[in-house]
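Heads up, the thing below is written out as structure tokens.
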Amino acid sequence: MDWTALRLSLHLSILTVLFLLPIGIAAGRLLAFRSFPGRGLVQAIVTLPLVLPPTVLGYYLLVAFGKASPVGRFWQAAFDHQLVFTFEGLLVASVIINLPFAIQPMQRGFETIPPQIREAAACCGMSPWQALLKVELPLAWPGILTAMVLSFAHTMGEFGVVLMVGGSIPGETRTIAIAIYDRVQAFDGAAAAEMSALLLSLALVAIALTFTVARRAGRHFG
Amino acid sequence: MEGLQVEVHQDAPIPLAAAFGCAPGEVLALVGPSGSGKTTLLRTIAGTYRPRAGRVVVNGETWLDTGARMERPCHRRAVGMVFQSYALFPHLTALQNITAALGHLRRRECAARARELLALVHLSGLENRKPCALSGGQQQRVAVARALAREPKVLLLDEPFSAVDKATRQRLYREIAELRQGLNMPVILVTHDIEEATLLADRLVVLHRGRSLQIGPPEEVILRPATAEVARLLDLRNVFAGVVSGHLPERKLTLLDWEGRQIEVPFNPQWPVGARVTWVVPDGFVVLHRRDRPSRGEHENPIAGTIETVLTIGHTAHVTLRPEHDARFPIHFSVPAHVARRNRISPGVAATVSLLTEAIHLMPAAPQRQE
């Protein structure tokens, strides 16, 4: 078992989820409640990472984060080191590839709230912030929790993008999924099996949790 | 200026042209078929809909003035709104639903005030029930308590009785009637049910395709609809075309020619002889003659004909009569079921009715729809 890789993966997953939480709530809510020009395009762009091969996505991120790119140059200027092959680069990539896993369930969560309920919140004197905290988030939380669990599990297991953007630097960018590949290459079957079993159980727990939450969510409006 | 003043004008996306006021303590009903813009007007007052042009003023405070580009957001307008499907917050208990609208009070006053409001709507003891564990009538009362919690300057009721069964509705009517004694804010009731509007409202606004066609007390609107269109919207069925044929000032009568038949109506010299008019007689003012004592012509506006249909619902028989003089225009009326039985009223028999002069009302001739 590569404990450093496991710790790194957990660290990456937790940070990814924390970054995605406000982004997903804002974007999911916007897509659920507002109609604006280009809404379909935005929806398509945030769904794109779901269908693109991870290596393709990884390639474009690598190019986008590279020294030659504006993002890469900005990063170099601001933090005095490059973005690719670092933990920060991995985190940014991880947030981007998880957008659909975070935004879509949150959007569905907000969409279950009838428009009259939101109007009622305003008619009760709640400001948009109060309505978000007291009415919308409590009603959309199954979707939000699902989004967090899915993003977490997906980050734990992501391979292609991580390899492209991060490489396999121990303690910096070698996640547990990369470590498994590494162990298999080195004919260390026991370690690979151990880590695979761990990821498998994590995925199972994540899925079970999501289903339980989805079932409970049906109760309010049933 | 006390009370509520509303003025709305737009051509699209929903055509609206309405202006009305509502005094403190008054109940004003917006009536009209679905799609007539009732709910949109209500949402304009609440601030959840913004018309292209309009003004909403409450007790001198301007809530909306599109001319001055002034709009107060919904959460800063002191409105109480009861939604059609109540829109209670499903994750909160009855008490928390009410507390949610008590943001203007200090935290420790909230619980006591919420309990008071629950007691006001006869729901003490159900504080901790979630909406899904309340009956339709109980949900409606929580919604009313929540609407009142904010100490609204205007109370808005959007078809609040449409989702409950008839017995509950009758009880809620009584409760609302009692409750309004203690309310001194304007109350706007949206409904498509004329009977409900008549029962609860001081005045009606009849709406069609977003336009207000007539405003007035229920009995006035029903007995004296301004136009044939209003009569049709109010579901008055005895609406016919006629021509003014003379005036008899000494008998306080105006004479009308109805397809060759003379009808006496209240003296109304504003209509010159020869004027084409639409006239209406409410079906409560059509009187059936006893069939065992045939009329010898001494009754008001006797119309002889053949009974076409008799539909008995409960204790009332709804009857249509095809007049002898022109069978194209049936007269509708209702009699108690026992009267229909005793007079052996059934399809095909001959009968005579009187159209009571006092209740016949003349309107401008409509581009005609006649049955």
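The listed protein sequences derive, respectively, from chains A and B. Residue numbers for the first sequence follow my numbering, beginning at 1 and rising by one. Residue numbers for the second sequence follow my numbering, beginning at 1001 and rising by one. Idealized CB from N, CA, C, for every residue including glycine.
*With a threshold of 16 other CB atoms inside 10 Å of the CB of residue 1184 of chain B, please say whether the residue is buried or exposed.*
exposed
*Per DSSP, what kind of secondary structure is residue 84 of chain A in: helix, strand or coil?*
coil
*asked:* Short of 7 Å Cβ to Cβ, which residues in the stretch 1087–1120 of chain B face chain A?
replied: 1087, 1089, 1090, 1091, 1100, 1101, 1103, 1104
*Please look up how many angstroms separate the CB atoms of residue 1330 of chain B and residue 1316 of chain B, rounded, as I've assumed it's under 8 Å.*
Not really, about 18 Å apart at Cβ, beyond 8 Å.
*asked:* Rounding to the nearest angstrom, what Cα-Cα distance links residue 168 of chain A and residue 1083 of chain B in this structure?
replied: 58 Å
*With DSSP collapsed to three states, give me the class of residue 1085 of chain B.*
coil
_Near the ligand NAP: residue 1261 of chain B beta-carbon under 7 Å from a heavy atom_ = Inclusion of the ligand NAP in the displayed structure is not the case, the ligand content being empty and no account of it being possible.
*Roughly how many angstroms lie between the CA atoms of residue 40 of chain A and residue 151 of chain A, to the nearest whole one?*
23 Å
*With 9 Å as the limit, tell me which residues of the stretch 1072–1084 of chain B have their beta carbon closer than that to any beta carbon of chain A; keep them in chain order.*
1073, 1074, 1075, 1076, 1077, 1078, 1079, 1080, 1081, 1083, 1084
*the stretch 1037–1053 of chain B in contact with the stretch 1004–1023 of chain B per 3-pair CB rule at 8 Å*: yes
*Which chain B residues are close to residue 139 of chain A, counting only those with a beta carbon under 9 Å from its beta carbon?*
1089, 1090, 1091
*Quick one: what does DSSP say residue 195 of chain A is sitting in, helix, strand or coil?*
helix
*Segment limits, alpha helix (DSSP H) that includes residue 76 of chain A*: 70–79
*Got a sec: is the Cβ-Cβ distance from residue 1048 of chain B to anything in chain A below 8 Å?*
yes
_Local conformation of residue 1271 of chain B per DSSP, three classes_ = coil
_C-alpha distance - residue 27 of chain A paired with residue 103 of chain A, whole-angstrom precision_ = 7 Å
*What residues of chain B sit near residue 134 of chain A, judged by a beta carbon separation below 9 Å?*
1089, 1092, 1100
*asked:* For residue 1307 of chain B, which residues in the same chain have their Cβ closer than 7 Å to its Cβ, ignoring the five residues on either side in sequence?
replied: 1319, 1321, 1345, 1346, 1347, 1348, 1349, 1351
*Just tell me which of A/196, A/173, A/172 has its CA closest to the CA of residue 183 of chain A.*
A/196
_Between the alpha carbons of residue 207 of chain A and residue 1145 of chain B, how many angstroms are there, rounded?_
42 Å
*Sequence-distant residues of the same chain with beta carbon closer than 6 Å to residue 135 of chain A, five excluded per side*: 121
*Is there a Cβ from chain A that is less than 8 Å from the Cβ of residue 1150 of chain B?*
yes
*Short check: CB of residue 1052 of chain B to CB of residue 1064 of chain B, under 8 Å?*
no
*Any chain B beta carbon closer than 8 Å to residue 125 of chain A*: yes
*Is there a Cβ from chain B that is less than 8 Å from the Cβ of residue 117 of chain A?*
yes
*Cut-off 8 Å between Cβ atoms - residues of its own chain near residue 1128 of chain B, not counting five sequence neighbours on either side*: 1093, 1094, 1095
*Between the stretch 1220–1230 of chain B and the stretch 1251–1264 of chain B, are three or more C-beta pairs nearer than 8 Å?*
no
*Straight-line CA distance for residue 1164 of chain B to residue 1125 of chain B?*
21 Å
_Under the three-state DSSP convention, the category residue 1371 of chain B falls into_ = Since pLDDT at residue 1371 of chain B reaches only 42, below the 50 mark, its modelled position is unreliable, and no value is offered.
_Under 9 Å from the C-beta of residue 100 of chain A: neighbouring residues of chain B_ = None at all; the shortest Cβ gap to chain B is about 27 Å.
*For residue 1032 of chain B, which of B/1362, B/1214, B/1022 has the nearest alpha-carbon?*
B/1214
*Report the residue from B/1140, B/1089, B/1230, B/1282 whose alpha carbon sits nearest the alpha carbon of residue 1356 of chain B.*
B/1282
*Does residue 216 of chain A come within less than 8 Å of chain B when only Cβ atoms are used?*
no
*Collapsed DSSP secondary structure at residue 1137 of chain B in the structure displayed*: helix
*Where residue 1002 of chain B and residue 1216 of chain B are concerned, what is the direct C-alpha to C-alpha distance, given to the nearest angstrom?*
19 Å
*Residues of its chain near residue 49 of chain A, where Cβ-Cβ distance is below 8 Å and the 5 sequence neighbours each way are ignored*: 57, 96, 97, 98, 99, 100
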